[in-house]
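J.:
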Amino acid sequence: MAKQLGAFVVGDSDKCTGCKACELACFTVHNQKSNGVGRTVGTVSVPVMPRLFLVKGETFSVPVQCKHCEDAPCLNACTKKAISRVDNQVIIDEKKCMGCKDCMMACPFGVIMLAQVYDRGKVLRQTTGEAVKGAFKCDLCAGREAGPACVEVCPHQALRYVDPVEERKEKMRRAAETLAITKTL
Amino acid sequence: MTMGVQEIEDAGLILNFGYNGADSHPIVQRRIIRARQKGAKIICVDPRVIESARIADIHLQLKGGTNLALVNALCNVIYTEGLMDEKFIREKTTDFDEFVEVIKKYTPEDVSPICRISPEDIRKAARLYATTKPAMILYGMGVCQFGQAVDVVKTLADMALMTGNFGKPATGIGPVRGQNNVQGACDMGALPNNYPGYQSITDDAVREKFEKAWGVPLSNKVGLPLTHVPRRVLRPEDPSKQIHAYYIFGEDPAQTDPDINEVREALEKCDLVILQDIFMNRAGQYADVVLPSTSWGEHEGVYSCCDRGFQRFHKMIEPPEGVKVDWQIISEISTAMGYPMHYNNTQEIWDEMRRLCPSFAGATYEKLEATGGVQWPCRSEDMSDKGTVYLHKGKFSNPDGKGRFYATDWRPPQELTDTEYPLILNTGREVGHYSARTMTGNCRLLRSLEDEPGWVQINPEDCLEYGLEHGDLVRLESRRGWCLSRVSCTDRTSPGAVFMTYQWWIGACNMLTNPNLDPVSNTPEYKYCSVRIECIEDQAWAENYVVTEYRRLRESMGIDVSGEEAAVQ
Amino acid sequence: MNAFVKGNPDLCMGCRTCMVACVVSHTGRHIFELDPDDYTFNPKLHMVKTRAISVPVQCKHCENPACMAACPQKCIHMEDGTVFIDTENCIGCKACMEACPVGAIDMAPVSGVYQPDGKERYVANKCDLCREQSGGPACIRVCPTEALKLVSYEEIADTAQERRLAAAKANADGSLGAAAQAK
Amino acid sequence: MTKQVESICPYCGAGCHIMFSVDEAANKIVDAVPAKGRTNDGTLCLKGHYGWDFLNDPQILTKRLRHPMIRKGGKESPLEEVGWDEAIHFVAGRLTEIKNTYGPDAIMGTASARGPGNEAAYVMQKFMRACVGTNNIDHCARI
Numbered sequence: 001m002a003k004q005l006g007a008f009v010v011g012d013s014d015k016c017t018g019c020k021a022c023e024l025a026c027f028t029v030h031n032q033k034s035n036g037v038g039r040t041v042g043t044v045s046v047p048v049m050p051r052l053f054l055v056k057g058e059t060f061s062v063p064v065q066c067k068h069c070e071d072a073p074c075l076n077a078c079t080k081k082a083i084s085r086v087d088n089q090v091i092i093d094e095k096k097c098m099g100c101k102d103c104m105m106a107c108p109f110g111v112i113m114l115a116q117v118y119d120r121g122k123v124l125r126q127t128t129g130e131a132v133k134g135a136f137k138c139d140l141c142a143g144r145e146a147g148p149a150c151v152e153v154c155p156h157q158a159l160r161y162v163d164p165v166e167e168r169k170e171k172m173r174r175a176a177e178t179l180a181i182t183k184t185l
Numbered sequence: 001m002t003m004g005v006q007e008i009e010d011a012g013l014i015l016n017f018g019y020n021g022a023d024s025h026p027i028v029q030r031r032i033i034r035a036r037q038k039g040a041k042i043i044c045v046d047p048r049v050i051e052s053a054r055i056a057d058i059h060l061q062l063k064g065g066t067n068l069a070l071v072n073a074l075c076n077v078i079y080t081e082g083l084m085d086e087k088f089i090r091e092k093t094t095d096f097d098e099f100v101e102v103i104k105k106y107t108p109e110d111v112s113p114i115c116r117i118s119p120e121d122i123r124k125a126a127r128l129y130a131t132t133k134p135a136m137i138l139y140g141m142g143v144c145q146f147g148q149a150v151d152v153v154k155t156l157a158d159m160a161l162m163t164g165n166f167g168k169p170a171t172g173i174g175p176v177r178g179q180n181n182v183q184g185a186c187d188m189g190a191l192p193n194n195y196p197g198y199q200s201i202t203d204d205a206v207r208e209k210f211e212k213a214w215g216v217p218l219s220n221k222v223g224l225p226l227t228h229v230p231r232r233v234l235r236p237e238d239p240s241k242q243i244h245a246y247y248i249f250g251e252d253p254a255q256t257d258p259d260i261n262e263v264r265e266a267l268e269k270c271d272l273v274i275l276q277d278i279f280m281n282r283a284g285q286y287a288d289v290v291l292p293s294t295s296w297g298e299h300e301g302v303y304s305c306c307d308r309g310f311q312r313f314h315k316m317i318e319p320p321e322g323v324k325v326d327w328q329i330i331s332e333i334s335t336a337m338g339y340p341m342h343y344n345n346t347q348e349i350w351d352e353m354r355r356l357c358p359s360f361a362g363a364t365y366e367k368l369e370a371t372g373g374v375q376w377p378c379r380s381e382d383m384s385d386k387g388t389v390y391l392h393k394g395k396f397s398n399p400d401g402k403g404r405f406y407a408t409d410w411r412p413p414q415e416l417t418d419t420e421y422p423l424i425l426n427t428g429r430e431v432g433h434y435s436a437r438t439m440t441g442n443c444r445l446l447r448s449l450e451d452e453p454g455w456v457q458i459n460p461e462d463c464l465e466y467g468l469e470h471g472d473l474v475r476l477e478s479r480r481g482w483c484l485s486r487v488s489c490t491d492r493t494s495p496g497a498v499f500m501t502y503q504w505w506i507g508a509c510n511m512l513t514n515p516n517l518d519p520v521s522n523t524p525e526y527k528y529c530s531v532r533i534e535c536i537e538d539q540a541w542a543e544n545y546v547v548t549e550y551r552r553l554r555e556s557m558g559i560d561v562s563g564e565e566a567a568v569q
Numbered sequence: 001m002n003a004f005v006k007g008n009p010d011l012c013m014g015c016r017t018c019m020v021a022c023v024v025s026h027t028g029r030h031i032f033e034l035d036p037d038d039y040t041f042n043p044k045l046h047m048v049k050t051r052a053i054s055v056p057v058q059c060k061h062c063e064n065p066a067c068m069a070a071c072p073q074k075c076i077h078m079e080d081g082t083v084f085i086d087t088e089n090c091i092g093c094k095a096c097m098e099a100c101p102v103g104a105i106d107m108a109p110v111s112g113v114y115q116p117d118g119k120e121r122y123v124a125n126k127c128d129l130c131r132e133q134s135g136g137p138a139c140i141r142v143c144p145t146e147a148l149k150l151v152s153y154e155e156i157a158d159t160a161q162e163r164r165l166a167a168a169k170a171n172a173d174g175s176l177g178a179a180a181q182a183k
Numbered sequence: 001m002t003k004q005v006e007s008i009c010p011y012c013g014a015g016c017h018i019m020f021s022v023d024e025a026a027n028k029i030v031d032a033v034p035a036k037g038r039t040n041d042g043t044l045c046l047k048g049h050y051g052w053d054f055l056n057d058p059q060i061l062t063k064r065l066r067h068p069m070i071r072k073g074g075k076e077s078p079l080e081e082v083g084w085d086e087a088i089h090f091v092a093g094r095l096t097e098i099k100n101t102y103g104p105d106a107i108m109g110t111a112s113a114r115g116p117g118n119e120a121a122y123v124m125q126k127f128m129r130a131c132v133g134t135n136n137i138d139h140c141a142r143i
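Chains as they are written, first to last, in full-length UniProt numbering: chain V, 1 to 185; chain L, 1 to 569; chain G, 1 to 183; chain D, 1 to 143.
1. Have a look at G36 of chain V and E63 of chain G and give me their C-alpha separation to the nearest angstrom.
2. Could you tell me if Y303 of chain L is buried or exposed, where buried requires 16 or more neighbouring beta carbons within 10 angstroms of its beta carbon?
3. Bridge partners of G309 of chain L, per DSSP?
4. Quick one: does K72 of chain D have its CB under 7 Å from some CB of chain L?
5. Whose C-beta lies closer than 7 Å to the C-beta of A567 of chain L among residues of the same chain, with five residues either side of it excluded?
6. Is the number of C-beta pairs between the stretch 140–159 of chain L and the stretch 434–445 of chain L that are closer than 8 Å three or more?
7. Do three or more CB pairs link the stretch 128–143 of chain G to the stretch 17–26 of chain G at distances below 8 Å?
8. Going by C-alpha to C-alpha distance, which of L:A190, L:K395 and L:D257 sits closest to D138 of chain D?
9. Name, going along the chain, the residues of the stretch 41–54 of chain L whose beta-carbon falls closer than 7 Å to a beta-carbon of chain G.
10. Any C-beta of chain G within less than 8 Å: which residues of the UniProt domain "Molybdopterin dinucleotide-binding" (423–529) of chain L qualify?
11. Would DSSP call E477 of chain L helix, strand or coil?
12. Going by CA-CA distance only, name the one from L:Y79, L:D110, L:S112 and L:K105 that's closest to F96 of chain L.
13. Taking one C-beta from the stretch 106–120 of chain L and one from the stretch 65–74 of chain L each time, how about it: are there three or more such pairs within less than 8 Å?
14. Which residues in the same chain have their Cβ closer than 6 Å to the Cβ of G6 of chain V, if we skip the five residues on either side of it in sequence?
15. Could you tell me the alpha carbon to alpha carbon distance between L55 of chain D and N442 of chain L, rounded to whole angstroms?
16. Quick one: does Q133 of chain G have its CB under 7 Å from some CB of chain V?
17. For a contact meaning CB atoms closer than 8 Å, what does R30 of chain L contact in chain G?
18. Beta-carbon of I8 of chain L versus every beta-carbon of chain D: anything under 7 Å?
19. What span of residues does the alpha helix (DSSP H) with F210 of chain L cover, start to end?
20. Name the two residues that bound the continuous alpha helix (DSSP H) containing E98 of chain L.
21. Would DSSP call A95 of chain G helix, strand or coil?
22. Give the residues of chain L in contact with G42 of chain D, contact being defined as C-beta atoms less than 8 Å apart.
23. Using only CA atoms, which one of L:N194, L:K527, L:C535 and L:E555 lies nearest to M141 of chain L?
24. Is T17 of chain G close to chain D, meaning its C-beta is less than 7 Å from at least one C-beta of that chain?
25. Quick check on R264 of chain L - is its C-beta less than 7 Å from some C-beta in chain D?
26. Quick one: residues in its chain with C-beta nearer than 6 Å to the C-beta of R142 of chain D, no 5 flanking neighbours on either side, listed in chain order?
27. Per DSSP, E80 of chain D forms a beta bridge with which residues?
28. Per DSSP, what kind of secondary structure is H17 of chain D in: helix, strand or coil?
29. Could you tell me whether any Cβ in chain G is nearer than 7 Å to the Cβ of Y50 of chain D?
30. Can you tell me the Cα-Cα spacing of Q569 of chain L and A540 of chain L, whole angstroms?
Here it is as structure tokens:
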């Protein structure tokens, strides 16, 4: 059956040690082609801008990123229609973005950021010389064979790719089996 | 059914053989569940894990098409281990010895490889049935829709005879009749070999009674079962026996008969096809004339429910303009053909019928109204005669008052699986929809719960082998036709066996089913034919086809589909 | 403490009357008054069928609901024994769906309400014990085999107490040996 | 004002009693609740509770037939609405013609195991036997 709900990545604060490998992987994968960022030293030619954000509190640390909402405030807010749904995932078309920041304000998770856009290591300039800035967020590494880089690289498997429909089926099956145990009441 | 539905929950043991109450009669299944709660033992015999199997003490998950081998083996164990009710057999039955000659050959060890059930389980089940009283047998289409249906019914009855499970409360054997008035249609003689009240047309005295009552000579030639119609239209052995007119009243053979391609061909070729119904249905597309009749709720009368219960139903709303009551339409056609028929109301018809049927004579409208309904036989009009809850009390209906044993050898279904068609197809009901779906299909809620193309249950092992995921659309083919369906990956069906429900137009499993008939009952072998699965690479095309084809079929039924958005991408 | 609806797989036959009842109950209107075109079929309990079990699964109205904690929009509230979602501010972010260990929350379309890209609005959907309807949970009322039951903490606590009593008695009988049973 | 009528569910063989409330002025059924029948004892299944839209002909799947229709130009031509007299005499004429040409056993009839009820089944088998003159009458208990 066609996918019904968008997938997303979620962190497990019990496993996460705050090492930020996920952030670096995310930045690298999204800047390999455009800015030649490789795996070795010396190829980081642009500022590091990950699309998931590690958050540390006194008692927890876990990355936070886009949930690809089903009634996405960012998509609803974007008057330029630069945000659309591709195979149920919410994707920003960075070329169309005017940098009006509505999506940033709309997102309740704070996972959309605005930053200068780089190409081949140099910042893109507008006709009047100012740097081009665009909104960007997690795109689930759309088109990447092995799926989200953050999930793949995390040394503690603290990040999980969630297909909510499939996971729910599994959880309901377990709940049904529990009901077979608690039927005595 | 020899017993009443209300008795089911008082049974000590229920042998639930080839019957899926949960999908066919949820309210009868309720009684089975209540019986279980009150401590009844349940033996479930079904190739799938149906609801009764889930709560059964013993579930014999036999291979499809091996019913008689199993029943013979069960009888074998009861006989060899001396678990019979000797007194009952001596006093109340005949032909026991001939019966024993046959079942002797069916030891659990011989039958085990045929049914794929261990000899121990066969022995355990037979002992449990024989030693738990009172025991009743409930069976359904899992018995009747086979090439060897009548033999299995009789041999199941043998089990009850061997153990004296007849003529007492919560015993006996019961086909739980499917539809709201299928028992009634049989009661009223809508059968090629019986007048109303199961009085045989070949019995001269009976025929004379009806000739006197109806004022015309009557034919004593047994008529045609409806499953022979396609053959008699397309390829009559004897041209003089060809069928040229088919008066279809309240049926949809183009949806619920087996091998629909052949049925549709026959309807196209038949000179005159008349459809009398409340909704346009699939057969209507081949009808030369369509007569609109009143729906349930717009007329009154009597239904017979599954356990011989006559019950009054009432008119509640006025029918739309231009629609007539069924018996009025038929009376007018009869009068126009020279046999005047005129009734003012259903009570007149009912009273005329009662005078001709001794076993229904006592079921007056007044009594049905006062008591909420009576189970026939009900012979005296006196209010004291409240009908009969269970049959065969004291004696059987055979002339000698005895139950007759009957046994025969098992034979496999007609169309066995082979390398080209490796899977067994079993078909059955959808709980949320009903038969040809012209009523429930027009109920938004029931349609939202389940809709085209319906599901095909496939075992996880087969899903793995074919590379199928739950929810994929798949194409199923048999020697007779093909259809699409959606994969339900479940271990409730065994490897090598798939199951579909017959309510669907796109997932029309009757495009696949085999019209092989039981020689006596002429019921088709819906429960067993061989099919193959073809995976569909382009799932997007398949999803699109389901939507557009469904819309095209609805449009051909006169539904305005213009408002519906474009196909699913 | 919160109550919840509990299904019993020994009584359930998988007929899903409860699921349809749930949809009708939440339209707030009677089946005969229901306009077939203006509601969405979003039952708040779902039938689960394994080889050995048929039973509906729905929200357990937990005392420390993971969903309530996970919701960024603070749509999920706990009030008079029920955990319910006020979907007005829901953005369909599925945090609650992911957080719920029972799988009791799914996303359901809101009929006739569309997003700018033409997709119907989806919001979180879970059992609210029919708090806005009279007569309590509709699923319990229609189940033909009374397989669904409204369980309160008190009842669970009472049962626990009975079990403790039985266990203590068994313990005492056991330690005294056969003599005790003979009495 | 609504009238209470206890009747029988039109769907399966369980024969459940249902208490209907009928708004006679609006000619509509407005409520259906389980009644204490012998077999259902105050319970119903999903069809008994919710299978009622069909009464108002919502035309989701098929359409309610409202007029007699005949394919005047033969099998391929469309069905045309006609009056009852024309339909009755068309059927009676064609059946008589076929009966005279090929004999009564060339005609097959079915009764209905569903809504019409026992009386309609009785009249149909009487029509096939007394008027047409054949025992070619059956119904879908067979299938």
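Each residue gets a CB set at the ideal place from its N, CA and C atoms; glycine is no exception.
T.: To lay it out plainly:
1. By 1-based counting over the first sequence, the position of residue 36 of chain V is 36. By 1-based counting over the third sequence, the position of residue 63 of chain G is 63. Looking at the two C-alpha atoms, the distance is approximately 52 Å.
2. For the purposes of this step, residue 303 of chain L is identified with residue 303 of the second sequence, where counting begins at 1. It is buried - the Cβ of Y303 of chain L has at least 16 other Cβ atoms within 10 Å.
3. Counting from 1 along the second sequence, the entry for residue 309 of chain L is found at position 309. Note: G309 of chain L sits in a beta bridge opposite L:Q375.
4. Here the question's residue 72 of chain D lines up with position 72 in the fourth sequence. Cβ-Cβ to chain L under 7 Å: no for K72 of chain D.
5. Stepping through the second sequence from its first residue, residue 567 of chain L is reached at position 567. The pLDDT assigned to A567 of chain L is 45, lower than 50, so where the model puts this residue is not dependable; a value taken from the coordinates is nonetheless given after this. Excluding positions up to five away in sequence, the list reads N544, V547 and T548.
6. no
7. yes
8. Position 138 of the fourth sequence, counted from the first residue, corresponds to residue 138 of chain D. Checked all of L:A190, L:K395 and L:D257; the closest Cα to D138 of chain D is L:A190.
9. V49, E51 and R54
10. V431, G432, R444, L445, L446, S448, L449, T490, D491 and R492
11. Indexing the second sequence from 1 puts residue 477 of chain L at position 477. E477 of chain L: strand per DSSP, three-state reduction.
12. Here the question's residue 96 of chain L lines up with position 96 in the second sequence. Taking only the C-alpha atoms, the option nearest F96 of chain L is L:Y79.
13. yes
14. On the first sequence, residue 6 of chain V is found 6 positions in, with the first residue counted as 1. Same-chain partners within the cutoff: H68, N88 and Q89.
15. Numbered from its first residue, the fourth sequence carries residue 55 of chain D at position 55. Numbered from its first residue, the second sequence carries residue 442 of chain L at position 442. Rounded to the nearest angstrom, the two C-alpha atoms are 9 Å apart.
16. Here residue 133 of chain G corresponds to residue number 133 of the third sequence, with the count starting at 1. Not one chain V Cβ lies under 7 Å of Q133 of chain G.
17. Position 30 of the second sequence, counting from 1, holds the residue named residue 30 of chain L. Ordered by position in chain G, the residues that pass the 8 Å Cβ test against R30 of chain L are M13, P144 and T145.
18. For the purposes of this step, residue 8 of chain L is taken as the residue at position 8 of the second sequence. For I8 of chain L, the answer is no, since every Cβ of chain D falls outside 7 Å of its Cβ.
19. Position 210 of the second sequence, counting from 1, holds the residue named residue 210 of chain L. Note, F210 of chain L: alpha helix (DSSP H), D204 to W214.
20. For the purposes of this step, residue 98 of chain L is taken as the residue at position 98 of the second sequence. Taken as a continuous stretch (DSSP letters only), the alpha helix (DSSP H) holding E98 of chain L covers F96 to I103.
21. As a working note, residue 95 of chain G is residue 95 in the third sequence. Helix, per DSSP.
22. Here residue 42 of chain D is taken as the residue at index 42 of the fourth sequence, counted from 1. Under the 8 Å cutoff, chain L gives no residues; its nearest Cβ is about 10 Å from G42 of chain D.
23. Against the second sequence, residue 141 of chain L aligns to sequence position 141. Measuring from the Cα of M141 of chain L, the nearest candidate turns out to be L:K527.
24. To locate residue 17 of chain G, count along the third sequence from 1; it is residue 17. With 7 Å as the cut-off, T17 of chain G counts as an interface residue toward chain D.
25. The residue you call residue 264 of chain L lines up with position 264 of the second sequence. Answer no: the Cβ-Cβ gap between R264 of chain L and chain D never drops below 7 Å.
26. If you number the fourth sequence from 1, residue 142 of chain D lands on position 142. The answer is none, since no qualifying residue turns up.
27. What you label residue 80 of chain D is simply residue 80 of the fourth sequence in a count that begins at 1. For E80 of chain D, which the question treats as bridged, DSSP gives the partners D:I70.
28. As a working mapping, residue 17 of chain D is identified with position 17 in the fourth sequence. Three-state DSSP puts H17 of chain D in a strand.
29. On the fourth sequence, position 50 is the one that residue 50 of chain D refers to. Closer than 7 Å to some Cβ of chain G, the Cβ of Y50 of chain D qualifies, so yes.
30. By 1-based counting over the second sequence, the position of residue 569 of chain L is 569. By 1-based counting over the second sequence, the position of residue 540 of chain L is 540. With a pLDDT of 42 at Q569 of chain L, under the threshold of 50, the modelled position of this residue cannot be trusted, and the question is left open.
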